[in-house]
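Residue numbers (our numbering): -3 to 242.
Reading through the structure tokens given below for one structure.
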Amino acid sequence: MKTMLFVLFLCTCVPAQVIGQRAAELIEQVMNAVGLEAMQSLHDVEYLYHSGDTKSLERYIFDGEVSYGRTRTDSGRIVEQYHNGRTTTVIVDGQLTREPTEVSRALFRRKTNYYWLMMMHKLRDPGVEHTYVGTRTIEGIPYEVVDMTFGEGVGLARDRYRLFVNPYTHLVDRFLYTVAAADRLTPTLMQVTYGCFPEGVRLPEVSRSHPASDWEGELSADGEWRVSHRDGFRFNNGFTAETIRQ
């Protein structure tokens, strides 16, 4: 069923400085709501990621964005992926592989999985640009909308995001995005449910995605919902770049 959107457009006569200021204010609210300061007390995390029939053990060290994942493929192979912020290592059934496709896939997955967990804590990273769009009332909630793009050389590709900031929680509980690295240039809608963790840190537990037909979030008629969830969170495990793979 298509979601009805009642759109209130920002008046075009609003000065650009005011638009930029409002975007910055909203991003500040979001980052406070997800516990940016409390996040500084956390060194690392381990959790389980579930998507369809796939389950992955995920481990990250926040300083340096070190990422490790271990999963069993449909064919029964055990695949371990490790990215230390500079290089990527892939081990299949205990054997190191340098096969380019495997390494490229691992780099994309390590970067992507880390980003999906930490996205709201990275909204002010260097090179991230925000533009205030206006308001959109969706299911009775008057969201404020911010477009987010990335400067040259930031990330694997220059994706576009549209963030819907809930005025009651100050959380981004839905957003639109592209995946340019996978040639997915039409937007996808993501809906997010957050869990609250030590010291008030909020991270996504459930994510629901569906292809969209436009940047207003109208759902594509030929798409379907995909659901992924994260559980079993453990923080401050004492991981190092050497022990995270053990």
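Idealized CB from N, CA, C, for every residue including glycine.
With burial defined as no fewer than 16 other Cβ atoms inside 10 Å of the residue's Cβ, what is the status of residue i: buried or exposed?
| i | result |
| --- | --- |
| Val223 | exposed |
| Gln36 | exposed |
| Ala102 | buried |
| Leu243 | No answer is possible for residue 243: the residues shown for the chain start at -3 and end at 242. |
| Leu113 | buried |
| Pro96 | exposed |
| Phe2 | Low per-residue confidence applies at Phe2: pLDDT is 36, beneath 50, and the placement is therefore not dependable enough to give any value. |
| Pro138 | exposed |
My assumption, with CB atoms under 8 Å, is that residue i sits in contact with residue j. Please give the rounded CB distance.
| i | j | result |
| --- | --- | --- |
| Arg170 | Val188 | 7 Å |
| Ala237 | Val62 | 6 Å |
| Pro200 | Phe231 | About 15 Å; that fails the 8 Å criterion. |
| Arg204 | Trp221 | 6 Å |
| Val30 | His117 | 6 Å |
| Arg18 | Tyr157 | So it is not a contact: roughly 17 Å between Cβ atoms. |
| Ala176 | Asp155 | 5 Å |
| Ala34 | Gly136 | Not a contact, Cβ separation roughly 31 Å. |
If I measure Cβ to Cβ from residue i and keep anything under 7 Å in the same chain, skipping five residues before and after, which residues do I get?
| i | result |
| --- | --- |
| Ile240 | Arg55, Ile57, Val62, Tyr64 |
| Glu140 | Leu22, Thr131, Val161, Pro163 |
| Asp70 | none |
| Gly219 | His206, Pro207 |
| Val99 | Thr84, Val86 |
| Phe229 | Val41, Tyr43, Phe193 |
| Asn233 | Asp40, Glu42 |
Expressed to the nearest angstrom, what Euclidean distance is found between the alpha-carbon atoms of residue i and residue j?
| i | j | result |
| --- | --- | --- |
| Ala208 | Asn162 | 20 Å |
| His225 | Tyr190 | 10 Å |
| Phe235 | Gly48 | 28 Å |
| Leu185 | Leu172 | 5 Å |
| Leu32 | Gly72 | 39 Å |
| Glu24 | His166 | 9 Å |
| His206 | Glu214 | 10 Å |
| Ala20 | Val75 | 41 Å |
| Asp59 | His39 | 7 Å |
| Gly16 | Gln91 | 51 Å |
| Asp256 | Glu148 | Here the chain comprises residues numbered -3 to 242, so residue 256 is not present and cannot be evaluated. |
| Ala178 | Cys192 | 31 Å |
| Gln242 | Met115 | 26 Å |
| Ala217 | Phe104 | 28 Å |
| Asn28 | Val88 | 40 Å |
| Gly81 | Met144 | 23 Å |
| Thr133 | Glu212 | 11 Å |
Just to confirm, is the Cβ distance from residue i to residue j under 8 Å?
| i | j | result |
| --- | --- | --- |
| Val168 | Val26 | yes |
| Phe258 | Val124 | Any answer about residue 258 is impossible in this case: the structure gives the chain only from -3 up to 242. |
| Asp227 | Tyr43 | yes |
| Arg106 | Thr84 | yes |
| Thr67 | Thr50 | yes |
Please go through the same chain and pick out, in chain order, the residues whose beta-carbon is closer than 8 Å to the beta-carbon of residue i, but skip the five residues on each side of it.
| i | result |
| --- | --- |
| Asn109 | Tyr45, Ser52, Glu54, Ser63, Gly65 |
In chain order, what residues of the same chain lie with their CB nearer than 6 Å to the CB of residue i, ignoring the 5 residues before and after it?
| i | result |
| --- | --- |
| Leu6 | For Leu6, the predicted structure reports a pLDDT of 40, less than 50, and the residue's modelled location is therefore unreliable. A value from the coordinates is still provided. Hits under 6 Å: Gly130. |
| Leu181 | Thr174 |
| Val202 | Thr189, His225 |
| Tyr111 | none |
With a threshold of 8 Å between beta carbons, is residue i in contact with chain B?
| i | result |
| --- | --- |
| Asp227 | Considering every chain present, this structure includes no chain B. It has just one protein chain. |
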